[in-house]
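S.K.: I'd like to ask some things about the structure below.
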Amino acid sequence: MSAAFEPRTAAELAAAVAGSAGPLEIIGAGSKRGLGRPVNSGGLLDLSRLSGIILYEPEELVLTAGAGTPLAEIEQALAEKKQMLAFEPPDLGPLYGRPAGQGTLGGMLACNLAGPRRPKAGAARDHFLGALAVNGQGEIFKTGGRVVKNVTGYDLCKLLAGSFGTLAALVEVTMKVLPAPEHERTLVLGGLDDAGAVSLMTRALGSAAEVSAAAHLPAGIAPSLAGDGGATLLRLEGTAISITERLALLRRELRETATELAEAASREAWRSLRDLEPFHGTEEALWRLSVPPAESASVMQRIAASGLGAMRYFYDWGGGQIWLALPATGDAGAARIRGALAQGHATLMRAPLPLRAAVDVFQPQEAALATLARRVKESFDPAGRLNPGRMYQGI
Amino acid sequence: MQMPEPDQGAIARRGEIAAALRRILPAASVITEADARRAYESDGLTAYRQPPLLVVLPSTTAEVAAVLRYCREQRLKVVPRGAGTSLSGGALPLADGILLGMAKFNRILEVDLPNRCAVVQPGVTNLGISQAVAGLGFYYAPDPSSQIACTIGGNVAENSGGVHCLKYGLTTNNLLGVEMVLMTGEVIRLGGKHLDAGGYDLLGVVTGSEGLLGVVTEVTVRLLRKPTTQRALLIAFPSNESAGECVAKVIAAGIIPAGMEMMDRLAIQAAEDFVKAGYPLDAESLLIIELDGPPAEVDELLARVDAIATACSAMSCRASTDEAERQRFWAGRKAAFPAVGRISPDYYCMDGTIPRRRLSEVLTAMTEMSSRYGLRVANVFHAGDGNLHPLVLYDANKPGELEAAEAFGADILRLCVKVGGVLTGEHGVGVEKRDLMPTMFNEIDLEQQQRLKCAFDEEGLLNPGKVFPELHRCAEMGRLHVSSGRLPHPELPRF
Chain F
1 MSAAFEPRTA AELAAAVAGS AGPLEIIGAG SKRGLGRPVN SGGLLDLSRL
51 SGIILYEPEE LVLTAGAGTP LAEIEQALAE KKQMLAFEPP DLGPLYGRPA
101 GQGTLGGMLA CNLAGPRRPK AGAARDHFLG ALAVNGQGEI FKTGGRVVKN
151 VTGYDLCKLL AGSFGTLAAL VEVTMKVLPA PEHERTLVLG GLDDAGAVSL
201 MTRALGSAAE VSAAAHLPAG IAPSLAGDGG ATLLRLEGTA ISITERLALL
251 RRELRETATE LAEAASREAW RSLRDLEPFH GTEEALWRLS VPPAESASVM
301 QRIAASGLGA MRYFYDWGGG QIWLALPATG DAGAARIRGA LAQGHATLMR
351 APLPLRAAVD VFQPQEAALA TLARRVKESF DPAGRLNPGR MYQGI
Chain R
1001 MQMPEPDQGA IARRGEIAAA LRRILPAASV ITEADARRAY ESDGLTAYRQ
1051 PPLLVVLPST TAEVAAVLRY CREQRLKVVP RGAGTSLSGG ALPLADGILL
1101 GMAKFNRILE VDLPNRCAVV QPGVTNLGIS QAVAGLGFYY APDPSSQIAC
1151 TIGGNVAENS GGVHCLKYGL TTNNLLGVEM VLMTGEVIRL GGKHLDAGGY
1201 DLLGVVTGSE GLLGVVTEVT VRLLRKPTTQ RALLIAFPSN ESAGECVAKV
1251 IAAGIIPAGM EMMDRLAIQA AEDFVKAGYP LDAESLLIIE LDGPPAEVDE
1301 LLARVDAIAT ACSAMSCRAS TDEAERQRFW AGRKAAFPAV GRISPDYYCM
1351 DGTIPRRRLS EVLTAMTEMS SRYGLRVANV FHAGDGNLHP LVLYDANKPG
1401 ELEAAEAFGA DILRLCVKVG GVLTGEHGVG VEKRDLMPTM FNEIDLEQQQ
1451 RLKCAFDEEG LLNPGKVFPE LHRCAEMGRL HVSSGRLPHP ELPRF
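Have a look at this one:
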C-alpha cells in the first residue's frame, strides 16, 4: 500500500494536495473503489476522518456534514426527525464485495448515486446545495450555500456531483433534506413481457397517482421478489389516506389485476433493488444504462438481437435505468450495448480491473464535448493530481 | 455601476461589422439603426440602459454558430438575450458588444408524453410550454412571476424559480437536456430525454450561468402530470413572527406545500387596493399556502395546516372552495409588484435568501434601515424556501433617491449573507449584485468559478461585466492565488 494521507481538517487536506509530488487516489470508506477506471496513483487520500454532522436544521430542510461522514450516520440522524435524503441513495458496498453500511456522504455525491425514487425526486445532484472543497492546486474553495434556494454564482455543486473525485476533494457538504413519507405500499403486476411492462410503467408514471418508483423484474432475475414469472412493481408513498386514494386511481387507470405489498414488504423490496441485490456475490460484469424511459424495452431488444449470450437484467426508473449483467469476458458487451443506444449512455459499473482498464468504463464522448471536459478538468486540477484517469483517460 | 471600458475600435467599425454579419445572416436579421437598437437598451432592471453596438436575430443553430465564430475571430463581445425580463441586468447590452436576440427560436419542436418531456426552442415562453400541454393534462413546473413573457432559454440562463419551487424545484431540477453553441462556434448536446447526462454534469453548471458559458439553442424539459386538486389557504396573522412560526411548524410536521407565500402589511394593502382579492386589511402578515394532490390528501393536509395556523395565533384562516376563489387568493400575490408600482413612482426589487428562522430579525433590521434611508419597503416572501423579495420604494425623479434605494438594497443583501443566506435566490447576479459577490465569496472561490468560465470561453467574450466583480485574463489565472491581496494586474478593470 502506498503512503496514505488522512487529513482531519480542510487545511490539512489542502496541504496534502499542494504538497503531493504526484497523483492521488481519493477515497472515503473505499466501498466503491471498484467503480471507474483504475487510478494510477502514488498516494492515497483518505477522507474518512473528515467525519461528522456539522449542522442539521430540520425546519430549514438542510444538513451539513463532513464529506467522510458515513451515510448510515446521516440517515439515522434524519430518521430521528422523520426526514430523508429524498433521492434514496443506494448502498453499493456489497455489490463490490464489501460490507454494507460503510459508504460515505462524499463518496455517494462523487458518484451521483440515486435510487428508485429518482424519476420523482431527482438525483443526488438535485439535493446538493453547497460545498467546501479542495481543488487540484491545493486551494480551499466554497460553492453554493446553506439555504435551499440559491443562484449566486456558478452551481459548481452540480459539477462536483458525479465527477468521481477528478475535480476536487470534498471537505464538507450541505444537502437539502425532505420529510420522509409516512407510509408506502407497492402494487405488483405479474406476467408482463418487457414491452408490456415498460408501457405499463409509462402509463403509471404519467398518471396523477404520483408513483414514486417503478421497476420491472423479468422472470428469473429476483425470484424471491417477483416469483417465477417476473413482476412489475409500482410504489406509492404518502399519508395513509392519500395512498388509499391513489391506489384506487392507479388500479382504475391501469385496468390490470394486481396484488399489493404492505409497508414492510414494500420497504424491503425497494431496498433490495436499490442496493442491486440480484447482482451481489456474482462474477458478472454489470452495466448501468441510462436511456429515455419509454424506449428502454426496444433498447433491450436491440441488445438481445445483437448476439450477446446470457444476460440478467432489470428495469428501474420506469425504464430510464437498466441494470444489465453478463459474463466478464471479451469487452463485456461494451460495443454491442453502446451500439444499441440511440440516446443515453452505458457505464460499466462493475468488472475485474483488467477489463476496466481495457474498456471505456464511461460512455465515450464526442470530440467537442471531450475537449470541453478536459478543459473543465484543467480548470480545477491543472496538474492532474486528483483521481486522474478515473473517468476518462487523461481526465 | 461600472461596465468594462468599451473598445472604441469596435464601435468605429460598426458598419463594417454589420456588413460582415449580413453575409452570415439574412440582412433583416442585423439591426443597426439607432432607434431600433434602443429597443434593446435595457432588460427588467430598467435603472441601467445602454444601446448595443448592433443587434442580431438569428433563427437557426447554424446561424448562431456562425455569428459566434465570427465574433470570436474578430474579438467582439456578445450579450445573449431572451425576452429581456431579467431583474438583475443579465441582458444589459454593451456599447461595443453584439446583442444576440433569441426571439426567433419560438417553436415547440416535440411533445413526448411517454418520456414525459418536451423539446422546445429557447425563445418559447415559460407559460407557452405549459399551455401547449395543458389539454393533455400536463405542465412544466417552474413558474416565475414573469412566465407570460420570459423565455425558457432565459430560465435556463438564470435557473429561474417561482412560487412552486419548494415542492417542484428550480429550472435546474426540471431540465433533461440542451443543445448549445460554444463561443468557438462548436455545437454540443448535454443530456437528452434520459434522466441523467453522462460525464461531467455540464448541464447542471450551464443552468444558471447567466449567459457566460454558451448560447442555448434547444431545451428538453420535464413535464409533470397536473395534480388532481389544488386548493389554497389564506391565513392572517397579527405579526410576522407568528406567520414565520407557522411556516416552520408546517415543514416540521412533514408537509411540503406546493406554494407557501408571505406578504407584509404594506404589500397586503397595496395588493388589496389594486386587485380586491379579499385580503384582511387588519393583518400584519398574510400567508398563502397551496396544497395539491388527490382530493382526500388535500383535504387532510388542509386540516393539518389549519390546526397549525390556529396554534400559531392566526386571526383567520380561509380555504378556497373553488378554482375561482383559489385564483383570487393568488391574484393579490401575483400582482404584488405592479400593486407596489401604483403606490410609488419606482421600486427596486431585491432577491436574497435567508434561513427562515432568521426572518423576524431580518425584518426588524429592514424596518430600521427603512427609517435610516427614509425609504419605505414592502415585503413579499417565498416563505417555504426563505427567498425574500423586499421592494424598496423610491422616486427616480428625486435627486439621490435611486442611489439611496440601491444602497438600501445592498445593505439588505449584505444582511442576508451575514445571517447565513445568499445574495440571490432566483433573479441572478447580473450586473446588479456583481459588486457584492465578495461578501459571499473570497478571491479563491471567485477565481475557481472564473477558471471554469475560461474553460468555456477563453477570451471572455460572452457577456463580460456580468456576475464577476473583476475581469481576469484566463492565461494568468492559477497564478493569482499566491497574491496575498496584492492585485497582480492593475490594468484590468475592477468594478
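As you go down the protein sequences, you meet chains F and R in turn. With our numbering, letter number 395 in the first sequence gets 395, and the count goes up by one each step, no holes. With our numbering, letter number 243 in the second sequence gets 1243, and the count goes up by one each step, no holes. Ideal placement from N, C-alpha and C gives every residue a C-beta, glycine not left out.
1. Please state the DSSP three-state secondary structure of residue 135(F).
2. DSSP three-state label for residue 1284(R), please.
3. My parser needs the beta strand (DSSP E) runs of 3 or more residues fully inside the region 1372-1398 of chain R; what are they?
4. In the DSSP assignment, the alpha helix (DSSP H) including residue 1440(R) goes from what residue to what residue?
5. Leaving out the 5 sequence neighbours to the left and right, which residues in its chain are closer than 7 Å to residue 127(F) when beta-carbon positions are compared?
6. Quick check on the burial criterion: 16 or more other C-beta atoms within 10 angstroms. Buried or exposed for residue 1063(R)?
7. Assign residue 1351(R) to one of two classes, buried (16 or more other C-beta atoms within 10 Å of its C-beta) or exposed (fewer than that).
8. What residue range is occupied by the uninterrupted alpha helix (DSSP H) comprising residue 371(F)?
9. When you compare each of 1036(R), 1057(R), 1004(R) and 1039(R) to residue 1021(R) by their alpha carbons, which one comes out closest?
10. In whole angstroms, what is the alpha-carbon distance linking residue 1451(R) and residue 1428(R)?
11. Quick one: complete beta strand (DSSP E) runs, 3+ long, within the region 59-135 of chain F?
12. At the 8 Å Cβ level, is residue 145(F) part of the contact set with chain R, yes or no?
13. Answer yes or no: does any C-beta atom of chain F fall closer than 8 Å to that of residue 1195(R)?
14. If we cut at 8 Å on Cβ distances, does residue 372(F) have a partner in chain R?
15. Go ahead and pull the three-state DSSP assignment for residue 1014(R).
16. Taking just the CA atoms, how far does residue 1424(R) sit from residue 319(F)?
17. Three Cβ pairs or more, each shorter than 8 Å: is that satisfied between the region 1113-1130 of chain R and the region 1210-1222 of chain R?
18. So, at 7 Å on beta carbons, what are the nonlocal neighbours of residue 1095(R) in its own chain, with the 5 sequence-adjacent residues on each side left out?
19. I need the straight-line Cα distance from residue 1318(R) to residue 1343(R), nearest angstrom please.
20. Rounded to whole angstroms, what's the CA-CA distance from residue 1307(R) to residue 1292(R)? Just pull it up for me.
21. In its own chain, which residues sit with a C-beta less than 6 Å from the C-beta of residue 278(F), not counting the 5 before and 5 after it?
22. Evaluate residue 1166(R) with the Cβ neighbour count: other Cβ atoms within 10 Å of its Cβ, from every protein chain shown; 16 or more gives buried, anything less gives exposed.
23. Pick from 134(F), 129(F) and 47(F): whose alpha carbon is nearest that of residue 106(F)?
24. Let me make sure I understand the geometry here. Which of 1139(R), 1028(R), 1176(R) and 1074(R) has the alpha-carbon closest to that of residue 1104(R)?
25. Between which two residues does the alpha helix (DSSP H) holding residue 1167(R) run?
26. With H, G and I counted as helix, E and B as strand and the rest as coil, what does DSSP make of residue 1426(R)?
27. What separation, rounded to the nearest whole angstrom, lies between the Cα atoms of residue 377(F) and residue 261(F)?
28. Curious, which full-length alpha helix (DSSP H) runs of at least 4 residues does the region 297-357 of chain F contain?
29. Helix, strand or coil for residue 196(F) per DSSP?
30. Given a cut-off of 8 Å, decide if residue 23(F) and residue 385(F) are closer than it, judged by their beta-carbon atoms.
31. Given that a residue counts as buried once 16 or more other Cβ atoms are within 10 Å of its Cβ, and exposed if not, what is residue 1081(R)?
32. For the pair the region 1356-1368 of chain R and the region 1239-1256 of chain R, tell me if three or more CB-CB distances fall below 8 Å.
33. Report buried or exposed for residue 169(F), applying the criterion of at least 16 other Cβ atoms within 10 angstroms of its Cβ.
34. Residue 1381(R) versus chain F: which residues are under 8 Å apart at the beta carbon?
35. Got a sec? Which residues, its chain only, sit under 7 Å from residue 16(F) by beta carbon, not counting five neighbours each side?
36. Can you tell me whether residue 293(F) is helix, strand or coil according to DSSP?
M.R.: According to the structure data:
1. Strand at residue 135(F).
2. Reduced to three states, the DSSP call for residue 1284(R) is coil.
3. Qualifying beta strand (DSSP E) stretches, in chain order: 1377-1382 and 1387-1394.
4. Here the alpha helix (DSSP H) through residue 1440(R) covers 1437-1440.
5. For residue 127(F), where only same-chain residues beyond five positions count, the Cβ hits under 7 Å are 85, 86, 87, 175 and 176.
6. With 16 or more Cβ atoms within 10 Å of its Cβ, residue 1063(R) is classed as buried.
7. Residue burial annotation: residue 1351(R) is buried, with at least 16 other C-beta atoms found within 10 angstroms of its C-beta.
8. Per DSSP, the unbroken alpha helix (DSSP H) holding residue 371(F) starts and ends at 367-380.
9. Nearest C-alpha to residue 1021(R) among 1036(R), 1057(R), 1004(R) and 1039(R): 1057(R).
10. The alpha-carbon separation between residue 1451(R) and residue 1428(R) amounts to approximately 20 Å.
11. DSSP runs (the beta strand (DSSP E)) wholly in the region 59-135 of chain F: 62-66 and 128-135.
12. For residue 145(F), the answer is yes, since a Cβ of chain R falls inside 8 Å of its Cβ.
13. So, interface residue.
14. Closer than 8 Å to some Cβ of chain R, the Cβ of residue 372(F) qualifies, so yes.
15. DSSP places residue 1014(R) within a helical segment (H, G or I) once states are collapsed to three.
16. In this model, residue 319(F) and residue 1424(R) are separated by some 37 Å (Cα to Cα).
17. Contact annotation: the region 1113-1130 of chain R touches the region 1210-1222 of chain R, with at least three C-beta pairs closer than 8 Å.
18. Within the same chain, 1006, 1011, 1050 and 1053 come within 7 Å of residue 1095(R) by CB-CB distance, once the 5 residues on both sides are set aside.
19. Going from the Cα of residue 1318(R) to the Cα of residue 1343(R) covers about 27 Å.
20. Cα to Cα, residue 1307(R) sits roughly 18 Å from residue 1292(R).
21. Cβ within range, chain order: 221 and 222.
22. So residue 1166(R) ends up on the buried side.
23. With distances taken between Cα atoms, residue 106(F) lies closest to 47(F).
24. Of the listed residues, the one whose Cα sits closest to residue 1104(R) is 1028(R).
25. Run containing residue 1167(R): 1165-1168, per the alpha helix (DSSP H) assignment.
26. Here residue 1426(R) sits in coil by DSSP.
27. Linking residue 377(F) to residue 261(F) through their CA atoms gives a straight-line distance of about 46 Å.
28. Correct list: 334-339.
29. Helix, per DSSP.
30. Contact: yes.
31. Buried, by the Cβ-count rule.
32. Contact holds: three or more Cβ-Cβ distances are below 8 Å.
33. In this structure residue 169(F) is buried. Its beta-carbon is surrounded by 16 or more other beta-carbon atoms within 10 angstroms.
34. Ordered by position in chain F, no residue passes the 8 Å Cβ test against residue 1381(R), which lies about 12 Å from the chain.
35. Non-local beta-carbon contacts of residue 16(F) in its own chain, meaning distances under 7 Å to residues more than five positions away in sequence, involve 5, 7 and 45 in chain order.
36. In the structure shown, residue 293(F) sits in a helix (DSSP, three-state: H, G or I).
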